[in-house]
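Residue numbers (this note's numbering), protein chains in the order written: chain A, 1 to 137; chain B, 1 to 137.
A virtual CB, placed ideally from N, CA and C, is assigned to each residue, including glycine.
Keep in mind that this is a model prediction, so the values were computed, not measured.
Number of protein chains: 2
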Amino acid sequence: MKTIEQLLESKNIRVTAMRLLIYKFLAEKEIAVTLSDIENAFEKADRTTLYRTIKTFEENVIVHQIDDGTGITKYALCEEGCNCDIKNDLHLHFHCNNCNETICLTEHKIPQIKVPDGFVSENVNLVVKGICDKCSG
Amino acid sequence: MKTIEQLLESKNIRVTAMRLLIYKFLAEKEIAVTLSDIENAFEKADRTTLYRTIKTFEENVIVHQIDDGTGITKYALCEEGCNCDIKNDLHLHFHCNNCNETICLTEHKIPQIKVPDGFVSENVNLVVKGICDKCSG
DNA sequence: ATAATTGATGCAATGGAAGTGCAATTATTA
DNA sequence: TAATAATTGCACTTCCATTGCATCAATTAT
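Put into C-alpha cells, the structure is as follows:
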C-alpha cells in the first residue's frame, strides 16, 4: 500500500500540501468530479492551481478525464484496473440522469466494438446514462 | 419521399427560408457539424438564429446532438434508422483523431451493455475514436 | 381586408469553462 | 547562503452556449 507521497514521488511530482489535499478529496469521492466541485471544496485555493494540479495528475495517469455528455469535463482517480493511458482500453462510465453524478464502473468491461472497413479504432468512450443505484432504490 | 417542407409541417414547425437552408446544409454533410460550422456556412445569418434553429430541430427529433469528446457539441440529421428519441437506442459515432471529423455509423449497432444491479440503463453514448477511412488510406 | 396575436429573427449581452502570461512565493539544489 | 527551478495566485483572454428584448414576418380572428 503506497502512500500518496510515495505515489507522487514515484512519478517525479513534488509533494505539496495542495496536491495531497486534492488527491485525498478525489480518493474520498466515489464519483467523478468537475473542476467546479474541487473549487467549491477548496475555496481558499485559486482556480488555476486546482486546474493545473488536475492537469499534472492527468499527465501522470493519476486521474483520468471523463466526458459524460454533460458538457463539463469530469475527473476521477485512476484505480488499480485503470489503463486509461493504454490506447485500447475501454472506459465505462455511468451517468445518472437523476442526481447528475457520474461514476466509474471499472469492473465492467466492454466488448470490442467493430468499426467499418478502413476505420481504425484507437479508443472508445462509452457512457451509459440512466438511473444509478442510489436513485433507483 | 417527404419533402423538407412536409417534414417540418408534420412536426408543426413553420417553414422558413432559414430552416430549409440549414436542413439542406445538414443533409449535404455526411459528418456531424458544430454550430460554428453552420455559422461559417451562413455568414449573413445571425448566430442566435442558427442556434435556435438547431435547437428546434433537436426538440423535434430532426437532428441529434453528438458529444464526441472534443468539447464542442456537434449535430447531425437523424436518419431513417435513427431512434435517438427512444431511450434505449444506442448511438454509435466515430471521431477521427486526425481530421477531427465525426461521423454517424448508424448501421453499426452495439450490443446491450450490462450495468451493475440497481442501475437502470436508459441510454448509451458511444464514441469510437481513431482514424477514419479517408485518413487511414 | 385589417387588426391582433403568435412566432421568427437579429442584436446585445451574459455566464461558464478552459486556458495562458506573468509576477510572487516556496522549495530544491549548488 | 545564493542560485535555480517549480508552484501558486492574480488578471486576463477566448470560446461556446444561452438568454432578454426589440423588431419583423406570418398566421389567425374579427
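Would you say Phe119/B reaches chain A, if we count a Cβ-Cβ gap shorter than 7 Å as a contact?
yes
Tell me the rounded alpha-carbon separation between Leu50/B and Thr73/B.
14 Å
When the distance is taken between beta carbons, is Cys104/B closer than 7 Å to Cys135/B?
no
Can you tell me whether Thr102/B is buried or exposed? The criterion is at least 16 other CB atoms within 10 Å of its CB, across all chains shown.
Thr102/B should be labelled buried.
Restricting to Cα atoms, I'd like to know which of Glu122/B, Asp68/B, Gln6/B, Lys29/B is closest to Asn100/B.
Asp68/B
What residue range is occupied by the uninterrupted beta strand (DSSP E) comprising Ile83/B?
The question names Ile, yet the displayed sequence has Asn at residue 83/B. Counting along the chain, Asn83/B falls outside any beta strand (DSSP E), and DSSP gives it neither H nor E.
Grab me the residues of Ala27/B's own chain with a C-beta within less than 7 Å of its C-beta, minus the 5 sequence neighbours each way, in chain order.
Leu77
In this structure, what does DSSP give as the bridge partners for Leu126/B?
Leu126/A, Leu92/B
Report the rounded CA-to-CA distance for Lys114/B versus His108/A, giving the unit in angstroms.
8 Å
Would you verify that the beta carbon of Cys84/B is, or is not, closer than 7 Å to some beta carbon of chain A?
no
Which parts of the segment 8–39 of chain B are runs of the alpha helix (DSSP H), unbroken and 4 residues or longer, counting only runs that do not cross its ends?
17–28
Pull up the DSSP beta-bridge partners for Lys121/B, would you.
In the sequence on display, residue 121/B carries Ser and not Lys. Gly130/A, per the DSSP bridge assignment.
Cβ of Leu126/B within 7 Å of any chain A Cβ:
Interface residue, yes.
How many whole angstroms separate the CB atoms of His93/A and Val63/A, which I take to be in contact at a CB cut-off of 8 Å?
So it is not a contact: roughly 13 Å between Cβ atoms.
Could you name the residues of the same chain whose beta carbon sits closer than 7 Å to that of Thr53/B, not counting the 5 residues immediately before and after it, in chain order?
Result list for Thr53/B: Met18, Arg19, Ile22, in chain order.
Continuous beta strand (DSSP E) assignments of at least 3 residues falling wholly in the segment 38–82 of chain B
If we require 3 residues or more, the beta strand (DSSP E) runs fully inside the segment 38–82 of chain B come out as 63–66, 74–77.
Roughly how far, in whole angstroms, is the beta-carbon of Ala45/A from the beta-carbon of Tyr75/A, given that I think they are within contact range, below 8 Å?
With a Cβ gap of about 16 Å, Ala45/A and Tyr75/A do not count as contacting.
For Glu132/B, return the contacting residues in chain A, with the cut-off set at a CB-CB distance below 7 Å.
Looking at the sequence provided, one finds Cys at residue 132/B rather than Glu. For a Cβ distance threshold of 7 Å, residue set Phe119 of chain A lies close to Cys132/B, ordered along the chain.
Any idea if Gly71/A is buried or exposed, counting beta-carbon neighbours within 10 angstroms, 16 or more meaning buried?
exposed
What first and last residue would you give for the beta strand (DSSP E) that runs through Cys104/A?
102–104
Cross-chain neighbours of Lys74/B in chain A, by beta carbon under 9 Å
Going along chain A, no residue has its Cβ under 9 Å from Lys74/B, so there is no contact; the nearest lies around 12 Å.
Indicate the three-state DSSP secondary structure (helix, strand or coil) for Glu107/B in the structure shown.
coil
Which one of Glu122/B, Leu7/B, Thr34/B has the shortest CA to CA distance from Ile66/B?
With distances taken between Cα atoms, Ile66/B lies closest to Thr34/B.
With a threshold of 7 Å on Cβ separation, who are the neighbours of Glu39/B within its own chain once the five nearest residues in sequence on each side are excluded?
Arg47, Leu50
Spell out whether any CB of chain A is found under 7 Å from the CB atom of Asp67/B.
yes
Alpha carbons only, please: which of Gly118/A, Ile13/A, Glu43/A is nearest the one belonging to Asp133/B?
Taking only the C-alpha atoms, the option nearest Asp133/B is Gly118/A.
Anyone know if the C-beta pair for Gly130/A and Val120/B falls short of 7 Å?
yes
Mind checking if Asn123/B is an interface residue toward chain A, Cβ cutoff 7 Å exclusive?
yes
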